[in-house]
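> At position 15 of the sequence shown (counting the first as 1) the number is 14 in numbering that gives the first Met the number 0, and the numbers step up by one without a gap.
Handing you this structure, nothing more for now.
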Amino acid sequence: MTSAVTIPRHGGTGGRTAVAARARQVLKAYGSGETRVVALDHVDVDIARGQFTAIMGPSGSGKSTLMHCLAGLDNVTGGQIYLDETEITGLKDKKLTQLRRDRIGFIFQAYNLLPTLNAIENITLPMDIAGRKPDKQWLAQVVDTVGLSDRLRHRPSQLSGGQQQRVAVARALAARPEIIFGDEPTGNLDSRAGAEVLGFLRRSVDELGQTIVIVTHDPVAASYADRVLYLADGRIVDEMYKPTAEGVLDRMKDFDARGRTS
Ligand SMILES: Nc1ncnc2c1ncn2[C@@H]1O[C@H](COP(=O)(O)OP(=O)(O)OP(=O)(O)O)[C@@H](O)[C@H]1O
Ligand SMILES: [Mg+2]
């Protein structure tokens, strides 16, 4: 029996480019006239494959908007977004839905688990919808790594917040998407559960070559990333590689101080 459909997507770039996602001159404006808000002001950014990127910046700086545009959850006013070599700006709804389903994973702050399904059913739901068979060995590894093996038959209401978020992380990883996006994926967790989830995301980058982008306010969460992007007023104003929590905190204080004196 051949297993052509289960060729691993990770381990080397497998012919794909080193850049997982790109934004080119992305403009996103809401409203018009006096109520017009420019949420993204001609943003250029490359998201490297196999890296963990954190997006930071003050409230209202455009972090969620950038993530939603990169993930094809929101359309842009101008500019282009590419996932690998595919330009997603301009894709018709149906193609875009397919692309999100087949190539992107999401972890939301509010978990977005279906209450009537148990943990394992929630984890495999996106693949069930797509009509894809989960790779059993991979699924077992994901479930084991997130530490949910003994909770698979529990429904979300029977799980703690941290466990629910781990289900959401497992769901994102199970389908081996090209890229995973998380908007404050640990925002609702206490620091211990948050550290578990972040540690797991980190390992999936190091050991499985996963590409991950998260939005966070938390310097400790950002310190798990390879690279931090700082947004202010819809622009990328700075970046930091190999961040430490102290370094990120210092940089944030810098911005605050500059903001007050300018
Ligand atoms: N649907 C919308 N209609 C109008 N304006 C919007 C809409 N969504 C976002 N905005 C505006 O766009 C700007 C960027 O919002 P965004 O949600 O990206 O900020 P953020 O950096 O994620 O903030 P937070 O840290 O508070 O989540 C804000 O000024 C916001 O008010
Ligand atoms: Mg936001």
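Glycine included, C-beta positions come from ideal geometry on N, C-alpha and C.
All values derive from a computational prediction rather than experimental measurement.
Going by C-alpha to C-alpha distance, which of T76, Q162, L72, H153 sits closest to G30?
The shortest Cα separation from G30 among T76, Q162, L72, H153 belongs to T76.
> Return the first residue and the last residue of the beta strand (DSSP E) that G264 is part of.
Because the chain spans 0 through 261 in this model, residue 264 falls outside it and cannot be assessed.
> Whole angstroms is fine: what's the gap from K94's alpha carbon to V212's?
Each residue's alpha carbon lies about 22 Å from the other.
> Check whether the region 109-128 touches the region 149-166, taking contact to mean three or more Cβ pairs, one atom from each stretch, closer than 8 Å.
The answer is yes - the region 149-166 touches the region 109-128, with three or more Cβ pairs under 8 Å.
> If you check the beta carbons only, do L98 and G71 fall under 8 Å apart?
Yes; because the gap between Cβ atoms is below 8 Å, this pair is in contact.
> Can you name, in chain order, every residue of its own chain whose Cβ lies under 8 Å from the Cβ of M126, other than the five neighbours on each side?
Taken in chain order, the residues that qualify are K132, P133, A173, A174.
> Counting Cβ pairs, one atom from each stretch, are 3 or more of them under 8 Å apart for the region 74-92 and the region 188-198?
No: the two stretches stay apart, fewer than three of their Cβ pairs being nearer than 8 Å.
> Regarding K62 and ligand 2, is the C-beta to nearest heavy atom distance less than 7 Å?
For ligand 2, at least one heavy atom lies less than 7 Å from the Cβ of K62.
> Relative to the alpha-carbon of V145, which residue among I103, D253, P176, R201 has its alpha-carbon at the smallest distance?
Of I103, D253, P176, R201, the residue nearest in Cα terms is R201.
> Is the CB-CB distance between I80 and G181 below 8 Å?
It is not a contact, given that the beta carbons lie outside the stated cut-off.
> How many Å lie between I256 and V25 at the Cα?
Looking at the sequence itself, residue 256 is Ala, so the reference to Ile does not match. Distance between the alpha carbons of A256 and V25: 28 Å.
> Return the CA-CA distance between Y240 and I46, expressed in angstroms with no decimal places.
Each residue's alpha carbon lies about 13 Å from the other.
> Mapping the DSSP letters down to three states, classify A3 as helix, strand or coil.
Low local confidence applies: a pLDDT of 40 at A3 is under 50, so the model's placement there is unreliable, with the coordinate-based value given in what follows. In the structure shown, A3 sits in a helix (DSSP, three-state: H, G or I).
> Mapping DSSP to helix, strand and coil, what is G10?
Reliability fails at G10, whose pLDDT of 43 lies under 50, so the model's placement of it is uncertain and no value is given.
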